[in-house]
Structures are given as structure tokens and as C-alpha cells.
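Residue numbers (the UniProt record's numbering), protein chains in the order written: chain A, 1 to 367; chain B, 1 to 328. Even for Gly, the Cβ is constructed at its ideal location relative to N, Cα and C. Scroll down for the structure; my scribbles are underneath it.
Following this line, the structure appears as C-alpha cells:
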């Protein structure tokens with residue numbers, strides 16, 4: 001209150017204000033059509049203008065005005081910004097923005113619901129399998145169980161693999177598409193993109209933050225599914241040495257390590273899908289368009305894979321590689337298959353990351 | 001002060017950045033894909049410390065210009081400069097309100113401001129709490145700081161957007177239609193806020209389609225019309241061609257004309273053919289009360305006496321040859 005009054009009186013008293021407008025009036029005449037000769041005029045006005053501007057700053061700064069202090073402080077900030085630990089600070093600022101992004105993603109009710117749904121699937125799957133095996137035991141037809149059901153019934157860890165292979169086809173891609181497809185398009189449709197860029201977040205920096213955020217979310221959903229499946233499995237099924245797809249049996253610790261490898265692989269696959277969704281997200285201001293577009297691409301790829309005549313193109317399709325985490329279930333671990341999968345993911349990330357970057361850095365923000 | 005900014009790598013020009021105008025554009029042009037020219041060879045020069053009104057009807061290219069200034073849209077041709085610095089260095093010192101407020105509806109006002117502060121790489125995280133509180137206090141939103149943005153009224157949203165523009169020490173504020181959607185009370189608050197900010201030395205660039213608003217707030221103005229700059233300059237220089245006139249309502253037209261002429265006023269004329277239409281003249285350096293006394297002393301029946309200064313609207317009518325089309 002009192003500061004406001006001081007400012008107002010400062011405005012009335014400050015002699016600097018008159019010269020500023022006086023000197024600038026010369027610079028401010030409608031520019032001549034040939035703007036080339038406006039340069040000396042500007043310089044002249046600028047030199048004269050520096051005087052009153054300084055006086056003004058001093059006058060205001062001398063009073064109790066906060067604004068004056070801030071204006072003077074601006075110069076001090078310069079020194080820190082440009083002389084000293086600029087790279088370290090920029091690095092810190094990058095993590096700060098990423099932290100803000102992760103906070104938004106993992107606090108947003110929509111995303112939490114998706115995580116909850118994904119976590120509930122292994123529970124439902126486990127309970128259903130438990131009921132099925134109970135029925136079969138009661139009827140004495142235990143021998144007729146399918147391979148997957150039998151192995152889950154036989155060992156708690158197998159529920160994690162069963163859940164991942166069940167969810168990796170569609171539900172996890174949908175969750176990743178929602179977060180990554182919304183990344184740019186969602187900010188654009190809400191109008192917040194223009195304020196982020198004016199802040200200035202920087203286009204490349206913002207895109208990188210958005211992508212890393214989607215990557216973290218990708219690994220998070222794979223981990224959530226695995227943890228939920230492990231907890232459910234241990235509650236419902238016996239814990240003990242795990243029999244792998246190749247028939248050998250490994251210890252529980254080894255089994256857990258293989259679950260971890262699978263989570264890492266599936267997370268990487270989802271990160272590749274996130275790159276596709278992010279690229280689509282830079283082309284539209286309608287987030288649902290980018291999300292649905294990515295999901296449709298996944299489904300189309302699944303369909304193409306199912307056509308035997310199209311076998312030659314299947315190595316180029318992302319879903320082909322998503323299920324290859326079962327390499328972790330072989331003995332020894334099928335590193336070659338998983339390495340090819342990771343290379344495919346890397347290629348997708350590189351390709352679609354470049355598309356997203358090229359599009360986003362050259363685009364007019366009109367929302 | 002100068003040395004520091006020069007070390008920062010003044011990009012071009014003889015004058016150090018701190019002495020260059022707050023905004024300069026040269027031949028700034030934006031042509032949309034359809035071939036429509038939204039902004040046509042714009043040459044703006046916004047002096048430091050001014051409150052600069054950017055006037056024009058809706059659709060005259062104001063927002064497109066602001067988008068180009070902030071780097072949101074690339075100009076088709078021409079160049080621009082903020083605060084004499086490269087855009088990336090200038091933007092942290094610029095607070096902006098572009099085409100209305102936009103925030104995350106599921107976050108509180110405070111969390112929204114923190115979010116945008118995190119996007120600015122130069123903003124010190126240590127002081128974010130204080131800066132956010134100060135910005136909210138500045139616009140009178142402290143009480144609503146913890147409420148979700150979704151529940152804010154239009155006026156509160158607009159004020160939050162202004163708070164976001166005030167998060168750091170700013171040398172330039174770019175406000176696009178800051179009073180849009182505000183009630184008269186809110187409009188007054190924004191006006192006094194702008195005056196307060198300008199008094200601290202910050203340059204304010206404010207776009208508006210409302211003449212009266214610019215007239216009350218600004219020290220300088222530019223007029224856009226269909227993407228072209230019609231005029232720019234200080235308010236005094238814009239109104240410079242027009243001088244105050246004295247207008248006398250009286251039935252004694254002939255006597256009034258005679259008295260005014262004898263006093264030495266210029267451009268003395270009857271305002272209409274009928275007696276009672278009154279007379280008017282340029283006031284020049286005369287004191288209005290003496291003119292009135294002279295009229296009454298000579299027995300002219302003065303029914304009304306007024307000194308009229310030309311409004312910005314009159315200036316625009318003169319500049320553009322037509323009325324200023326105010327929509328909205």
C-alpha cells in the first residue's frame with residue numbers, strides 16, 4: 001500500500017520521465033521508408049536516452065521501491081549468468097523442468113488411473129488363474145492345463161511374465177500413447193505451450209524434457225505391472241525355483257533378475273513407442289488425435305504381423321520386438337534376440353525423435 | 001553496467017544493448033500459407049521506459065506480431081530484436097501475456113506459476129516461493145493461491161496471467177489485450193498495475209483494440225490497420241497536429257465570432273448555419289477563463305463553454321480517413 005503510493009509520487013516527481021519521452025520522440029517519428037538511415041538516428045537517441053534512464057533508475061532505486069531494486073538487480077543477475085557457472089546452472093535448470101514435468105505426469109489423475117488399471121490386471125489375472133487351477137484340481141483334470149496357466153500355477157514369478165506378455169500387446173501401448181501423445185499437443189490445445197516457450201523453455205530443451213518424461217513413464221508402467229504381478233503371484237502361488245521356457249530350472253534370485261531384465265526390455269520398447277507418439281504429437285493441436293493415431297498404428301502393425309504373406313516386413317514393425325522379452329526366460333538368456341530388439345527400439349527412437357525435433361523446432365505455435 | 005552487457009556479447013550495432021530500444025522490428029512480415037499477409041513490413045521502435053500502446057481492430061495483425069516478437073512464429077521476412085539481445089537471452093527478461101490466459105486447470109494458481117517458473121532456465125529455484133508469493137500478491141490473488149485454476153473466474157485467470165508475467169525481474173512486459181473480459185473494476189486495476197510497473201522503469205508494450213484504454217495508459221502508441229503500421233510515436237506527437245479548441249454555445253453567433261477574432265484566436269468559425277449552433281476557435285496560448293470573461297464582458301450570452309482536446313479517435317480518423325472500427 002505505502003510502496004504503491006511512494007511509486008506514484010515517484011512517478012510525479014521523477015524529472016527523468018520527461019526527458020525520456022522528449023528524447024525518444026525524435027527516435028519515434030514514423031520511420032522513413034528506407035529504414036537504412038534509421039540506424040544513426042537510433043544510436044543518437046540511444047546515447048541520449050541512456051542518461052535519463054540511469055537518472056530514473058537511480059531515483060527510483062534510492063526510494064524504498066522494490067521495482068527499482070529489481071531493475072538494478074537485473075544487471076547483477078547478468079554477471080552471474082554470463083560470467084560464472086552458466087553451464088552448471090543450465091544443467092540444473094534442465095533437471096528442474098524435468099522434475100516439474102514428472103510432477104505433472106505422476107500427479108495427474110488421468111495418469112494415476114491408468115497406472116492403477118495396469119496394476120490391477122495382474123491381480124485379476126492371478127485371481128482368475130487361481131480359481132481355474134482350484135476348479136481343475138477339484139475335478140482331477142490338472143494334467144489338461146495349458147503351458148502358461150500351468151507354469152503360473154506352478155510358480156509365482158511366472159505371473160510377472162504372463163502379465164507383461166498380456167499387457168504389452170495393447171494396454172501398455174495405450175498408456176504410453178496417452179502420455180507421449182499428449183506431451184506437445186496437450187500443451188498446445190491448452191495454450192500453455194506458448195507460455196512455456198515464451199518463458200523461455202527452449203524448443204529442443206522442452207522436447208527433450210517431454211521425451212525423457214515419457215521414457216520414465218514407460219519404465220514406470222513396466223515396473224508397476226511387474227511389481228503388482230510379483231506381489232499377487234507370491235500371495236496366490238508357491239514361491240520356489242523357476243522352470244524356464246527352455247526347461248532348465250533357476251533359483252528365485254535368478255528368476256527375479258530375469259523379471260528385472262524383462263521390465264527393462266519392455267520399458268525400452270515402450271520408450272520407442274513413446275517416440276512415435278511424441279512425433280505425432282508435434283503435428284497436431286488435438287491431443288486425442290496423436291494418442292489415437294499411435295494406438296491405431298500399433299493395432300495396424302499387429303494386424304500386419306498376423307498376415308503370413310507379410311512376413312518380410314515384420315522386422316520393421318515395433319510390436320514384433322515388444323514381445324521378445326521372453327528371451328529372458330531362456331537359458332542362457334537369449335541376448336541376441338534382445339539385442340536386435342533393443343537396436344530396433346533405438347532405430348525407432350532415432351527416427352521418430354528426429355521427426356519430432358525437425359517438426360517442433362520449425363513450427364509456428366498458433367494456439 | 002554497460003561493460004557487463006557488452007561482455008555478454010552484444011550481437012550487433014554500435015549502441016550497447018541496454019541503450020537500444022526495447023523492441024525494434026525492421027520490415028517484419030508474416031504471410032500465411034494461404035497467401036494472406038497478416039503483418040506487412042512492420043517497422044516498430046519501442047523506446048525504453050515507455051508504455052507503448054499497440055492499437056488496431058481485431059484481426060489487424062497485433063497478435064501475430066506479438067507471436068513473432070516472442071519467437072512463437074517465424075517471420076516470413078524482416079527481423080526483430082528485444083532489448084537489444086538475441087531472443088534466447090532477452091526472453092527471460094520479458095514477461096508476456098499472449099492471447100488470453102492459459103494454465104493447467106487441475107493445478108492451483110500457485111502450482112501453475114511454479115510450473116512456468118521452472119520453464120525459465122535463468123530463474124533461480126531458491127527464490128521461487130518468494131517470487132511466486134510476490135507475484136500473486138501483486139495482482140491480489142494471495143487468497144486464491146491454493147485454489148485450482150479450474151475454479152477461477154475470468155478476471156482471476158487474467159490476473160494470474162499477469163502474475164506469471166511478473167515472476168522475475170522484467171525489463172519488458174508484452175501484454176496482449178490485458179483487459180479483455182475484465183469488468184470495469186478489473187480494468188481499472190490492470191491500468192493502475194501497468195502504471196505502477198512502468199513507474200519502476202519497465203517498458204510495457206500493450207496491445208488493445210480499445211482506443212480509450214490506450215489513451216489512458218500509454219505514453220506512446222502505434223496503429224495497425226490490416227497488417228500495416230499506420231502511425232507510431234509519442235502520444236504528444238500523434239496528437240501534435242491537433243490543438244485544443246474552445247467551443248462556445250451561444251445564440252449570439254456574430255458577436256461571439258467578433259470577440260474571439262478580436263482576442264486573436266485562430267481558425268474562428270461558426271459550428272453550424274443556425275444561430276445557437278455555437279462557435280469555435282483554436283485556443284492557442286490563451287487562458288480559457290479570460291476568453292470566457294471577454295465574451296461575457298461584451299454581452300455575449302454564453303450558454304456553454306468548453307475546451308476540447310482532440311481524442312485519439314480524432315487522430316485516427318485523420319490518419320486513416322475513416323472511423324476506428326471498435327469490435328468487441
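Under the three-state DSSP convention, the category residue i falls into
{"i": "residue 181 of chain B", "result": "coil"}
{"i": "residue 187 of chain B", "result": "helix"}
{"i": "residue 219 of chain A", "result": "helix"}
{"i": "residue 251 of chain A", "result": "coil"}
{"i": "residue 237 of chain A", "result": "coil"}
{"i": "residue 70 of chain B", "result": "coil"}
{"i": "residue 103 of chain A", "result": "helix"}
{"i": "residue 79 of chain B", "result": "strand"}
{"i": "residue 311 of chain B", "result": "coil"}
{"i": "residue 108 of chain B", "result": "strand"}
{"i": "residue 330 of chain A", "result": "coil"}
{"i": "residue 262 of chain A", "result": "helix"}
{"i": "residue 58 of chain B", "result": "coil"}
{"i": "residue 296 of chain B", "result": "helix"}
{"i": "residue 232 of chain A", "result": "helix"}
{"i": "residue 287 of chain B", "result": "coil"}
Min CB distance residue i to chain A below 8 Å
{"i": "residue 106 of chain B", "result": "yes"}
{"i": "residue 72 of chain B", "result": "yes"}
{"i": "residue 163 of chain B", "result": "no"}
{"i": "residue 98 of chain B", "result": "yes"}
{"i": "residue 254 of chain B", "result": "no"}
{"i": "residue 116 of chain B", "result": "yes"}
{"i": "residue 305 of chain B", "result": "no"}
{"i": "residue 120 of chain B", "result": "yes"}
{"i": "residue 141 of chain B", "result": "no"}
{"i": "residue 91 of chain B", "result": "yes"}
{"i": "residue 103 of chain B", "result": "yes"}
{"i": "residue 88 of chain B", "result": "yes"}
Sheet register partners of residue i (DSSP bridge)
{"i": "residue 280 of chain B", "result": "B:247 and B:269"}
{"i": "residue 95 of chain B", "result": "B:173"}
{"i": "residue 233 of chain B", "result": "B:221"}
{"i": "residue 363 of chain A", "result": "Looking at the DSSP assignment, residue 363 of chain A forms no beta bridge with any residue, so it has no partner."}
{"i": "residue 30 of chain B", "result": "B:39"}
{"i": "residue 53 of chain B", "result": "B:206 and B:221"}
{"i": "residue 46 of chain B", "result": "B:23"}
{"i": "residue 151 of chain B", "result": "According to DSSP, residue 151 of chain B bridges with nothing at all."}
{"i": "residue 371 of chain A", "result": "Nothing can be reported for residue 371 of chain A, as the shown portion of chain A is limited to 1 through 367."}
{"i": "residue 228 of chain B", "result": "B:225"}
Delimiting residues of the beta strand (DSSP E) encompassing residue i
{"i": "residue 305 of chain B", "result": "304-308"}
Beta carbon proximity, residue i to chain B, threshold 8 Å
{"i": "residue 56 of chain A", "result": "Unreliable positioning characterises residue 56 of chain A in this predicted model, as indicated by a pLDDT of 37, which lies under 50. A coordinate reading is not provided."}
{"i": "residue 288 of chain A", "result": "no"}
{"i": "residue 192 of chain A", "result": "yes"}
{"i": "residue 31 of chain A", "result": "Per-residue confidence for residue 31 of chain A stands at a pLDDT of 39, beneath the threshold of 50, marking its modelled position as unreliable; the derived number appears in the next sentence. Output row for residue 31 of chain A: interface = yes."}
{"i": "residue 198 of chain A", "result": "yes"}
{"i": "residue 201 of chain A", "result": "yes"}
{"i": "residue 93 of chain A", "result": "yes"}
{"i": "residue 90 of chain A", "result": "yes"}
{"i": "residue 37 of chain A", "result": "Model confidence at residue 37 of chain A stands at a pLDDT of 40, short of 50, so the residue's coordinates are unreliable; what they give is reported in the following sentence. No, residue 37 of chain A does not count as interfacial toward chain B."}
{"i": "residue 182 of chain A", "result": "no"}
{"i": "residue 368 of chain A", "result": "Lying outside 1 to 367, the shown extent of chain A, residue 368 of chain A is not represented and no answer is given."}
{"i": "residue 195 of chain A", "result": "yes"}
Extent of the continuous alpha helix (DSSP H) run through residue i
{"i": "residue 88 of chain B", "result": "87-90"}
{"i": "residue 291 of chain A", "result": "287-306"}
{"i": "residue 261 of chain B", "result": "253-263"}
{"i": "residue 182 of chain A", "result": "171-190"}
{"i": "residue 144 of chain B", "result": "Note, residue 144 of chain B: premise wrong, no alpha helix (DSSP H); not H, not E."}
{"i": "residue 162 of chain A", "result": "158-167"}
{"i": "residue 133 of chain B", "result": "128-138"}
{"i": "residue 201 of chain A", "result": "Where residue 201 of chain A is concerned, there is no enclosing alpha helix (DSSP H), given that its DSSP letter is neither H nor E."}
{"i": "residue 166 of chain B", "result": "Note, residue 166 of chain B: premise wrong, no alpha helix (DSSP H); not H, not E."}
{"i": "residue 385 of chain A", "result": "It is not possible to answer for residue 385 of chain A, since the shown part of chain A is limited to 1 through 367."}
Integer-rounded CB distance, given that residue j should sit under 8 Å from residue i
{"i": "residue 177 of chain B", "j": "residue 207 of chain B", "result": "6 Å"}
{"i": "residue 123 of chain B", "j": "residue 168 of chain B", "result": "6 Å"}
{"i": "residue 284 of chain A", "j": "residue 185 of chain A", "result": "5 Å"}
{"i": "residue 110 of chain B", "j": "residue 146 of chain B", "result": "6 Å"}
{"i": "residue 105 of chain A", "j": "residue 159 of chain A", "result": "Contact flag wrong, Cβ pair sits at about 27 Å."}
{"i": "residue 71 of chain B", "j": "residue 87 of chain B", "result": "5 Å"}
{"i": "residue 97 of chain A", "j": "residue 209 of chain A", "result": "5 Å"}
{"i": "residue 83 of chain B", "j": "residue 172 of chain B", "result": "6 Å"}
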